[in-house]
Amino acid sequence: MTVSAAPGGRPAADARPRTGCAALSEAAREPLAGTAPAARRVVAVEHVGAWPRTVADHPDPDVTELFERLRRADVRLLLIRRPGRAGRDCDGARTVYLADLAPGASRVRARTVCSTDELVTVCLDPDAGEPVTDPVLLVCAHGRRDVCCAVRGRALAAELDAEGADVWECTHLGGHRFAPTALVLPTGYAYGRLDTGSALAALKAAAGGNVDPWACRGHAGLEPAQQLAELAVREHTGIGDATALQVDAADGPGAVAVRATDGRVWTVDVRAGTGLPPRPPSCGAFPDATVPLVAGVPVELAGSARPVGPVG
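Counting the sequence shown from 1 gives a position; the working numbering is that position plus 22.
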């Protein structure tokens, strides 16, 4: 059947797919690397109850005032809650995470507020609160934003909670089509298409200050080309230490330099890959074609220092 175009370029008939965006992205073999949401600074606030489609539209005026305060400071606000019934009940005390996700030097602190009223004046200094050293996983379960996050994200969070992991459901992270998707604190690495095993592996690696490259989308403090280059070096060398690599500035395709703390330097050719079949960026959206960035094999620069022993 031929579908005629309606004004504005969209099909007259509803051409949006009925299959979830995560399954379609997976079927299209859309790569994960280089897709981490950009979020250098994050504040995650425990907030029970239903979440609207966007945090900015939350009915609680204290939340919207905090959102505006953070937006002006270029800080990302996430709402979090524990999985299951525990996430719907609250005695008033709420956990707040303050995260500065500087690449190679990410740090997170936690504090407690007694009510949402305190959110308006909560101290946002990244040095305020208790340091978070044990890994925490924020799993996107924002059902009003995307069906795949609701179904896949909530299921994963419940499974991890049953395993005793320190896991929270959270509002929109970005990348619904990679659901279940999550952010690991304090290291700042995002993951996608997780299952219980890969999520626990990511947490185990983070507990040792390392990065598990499997299902990793990249570091939230880096741009897409930088994320790709860094992950390519990790996979090529086996370097796991989350603090061992620094990436030169790169805002698009080209040669990206990655530097290790032991003095070694690699260049990674980041370029446009093969175009993918049209897929929706989120559930309910119209399919669109995309050309992902891909990373070549890292090339170590001659004369760069070599480690005495293994790094990372």
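All residues carry an ideal CB built from backbone N, CA and C; glycine is no exception.
A quick note: this is a predicted structure, and the numbers were derived from the prediction, not measured.
Whole-Å CB distance - residue i paired with residue j, under 8 Å assumed
| i | j | result |
| --- | --- | --- |
| Gly335 | Thr265 | Nothing can be reported for residue 335: it is not among the residues displayed for the chain, which extend from 23 to 334. |
| Leu195 | Pro59 | 5 Å |
| Cys192 | Val161 | 7 Å |
| Thr338 | Asp96 | Any property of residue 338 remains undetermined from this structure, which presents the chain solely from 23 to 334. |
| Arg63 | Asp122 | 6 Å |
| Gly126 | Gln268 | 5 Å |
| Glu245 | Asp273 | 6 Å |
| His69 | Leu101 | 4 Å |
Separation of residue j from residue i, as counted between CA atoms
| i | j | result |
| --- | --- | --- |
| Arg131 | Pro74 | 27 Å |
| His241 | Val255 | 13 Å |
| Gly151 | Leu120 | 8 Å |
| Ser53 | His164 | The question names Ser, but residue 53 in the sequence shown is Pro. For Pro53 and His164, the distance between alpha carbons rounds to 22 Å. |
| Arg293 | Pro153 | 38 Å |
| Arg156 | His80 | Checking the displayed sequence, the identity of residue 156 turns out to be Asp instead of Arg. Using only the alpha carbons, I get a separation of about 30 Å. |
| Val77 | Gly219 | 30 Å |
| Arg167 | Phe308 | 15 Å |
| Arg129 | Gly243 | 12 Å |
| Val321 | Leu222 | 32 Å |
| Ala27 | Asp310 | The predicted position of Ala27 is uncertain, since its pLDDT is 35 and thus under 50; no value can be drawn from it. |
| Ala229 | Val290 | 28 Å |
| Pro105 | Ala184 | 10 Å |
| Gly262 | Arg94 | 35 Å |
| Thr86 | Val67 | 12 Å |
| Ala172 | Thr57 | 20 Å |
| Arg103 | Ala317 | 36 Å |
| Leu82 | Ala61 | Note on residue identity: the sequence assigns Asp, not Leu, to residue 82. For Asp82 and Ala61, the distance between alpha carbons rounds to 24 Å. |
| Arg133 | Leu225 | 21 Å |
| Ala115 | Leu315 | 44 Å |
| Glu48 | Cys136 | 42 Å |
| Pro275 | Ala72 | 40 Å |
Reduced DSSP secondary structure (H/G/I, E/B, other) of residue i
| i | result |
| --- | --- |
| Val313 | coil |
| Pro299 | strand |
| Leu205 | strand |
| Leu323 | coil |
| Cys136 | coil |
| Asp84 | helix |
| Pro74 | coil |
| Cys43 | helix |
| Asp79 | helix |
| Pro246 | helix |
| Ser26 | Note on Ser26: pLDDT 29, under 50, position unreliable in the model; the coordinate value appears next. If DSSP states are grouped into helix, strand and coil, Ser26 belongs with coil. |
| Gly175 | helix |
| Ala61 | coil |
| Val115 | According to the sequence displayed, residue 115 carries Ala and not Val. Three-state result, Ala115: coil. |
| His194 | coil |
| Thr289 | strand |
Sequence-distant residues of its chain with Cβ nearer than 6 Å to residue i (five each side left out)
| i | result |
| --- | --- |
| Val158 | Asp188, Leu207 |
| Val313 | Ala294, Gly297 |
| Thr203 | Cys162, Leu195, Gly197, Gly214 |
| Ala50 | Leu298, Pro299, Arg301 |
| Cys170 | Gly42, Cys43, Ala44, His198, Ala201, Cys305 |
| Leu323 | Val287 |
| Ala55 | Leu250, Leu253 |
Sequence-distant residues of the same chain with beta carbon closer than 8 Å to residue i, five excluded per side
| i | result |
| --- | --- |
| Leu92 | Val65, Arg98, Leu99, Leu146 |
| Phe89 | Val77, Ala78, His80, Leu99 |
| Asp149 | Arg131 |
| Ala227 | Val233, Asp234, Gly262 |
Close-in-space but distant-in-sequence residues of the same chain around residue i (CB under 7 Å, 5 per side omitted)
| i | result |
| --- | --- |
| Glu257 | Pro235 |
| Glu181 | Thr218 |
| Leu205 | Leu160, Leu195, Ala212, Ala242 |
Any non-hydrogen atom of the ligand NAP closer than 7 Å to residue i Cβ
| i | result |
| --- | --- |
| Val161 | What this structure holds is no ligand at all, so the ligand NAP is not there to describe. |
Counting beta carbon pairs with one atom in the segment 222-239 and one in the segment 271-284, are three or more of them shorter than 8 Å? Taking 8 Å as the limit for Cβ pairs, the verdict is that the segment 222-239 does not touch the segment 271-284.
Is there contact here, the segment 125-143 with the segment 170-186, by at least three beta-carbon pairs under 8 Å? Not touching, per the Cβ criterion.
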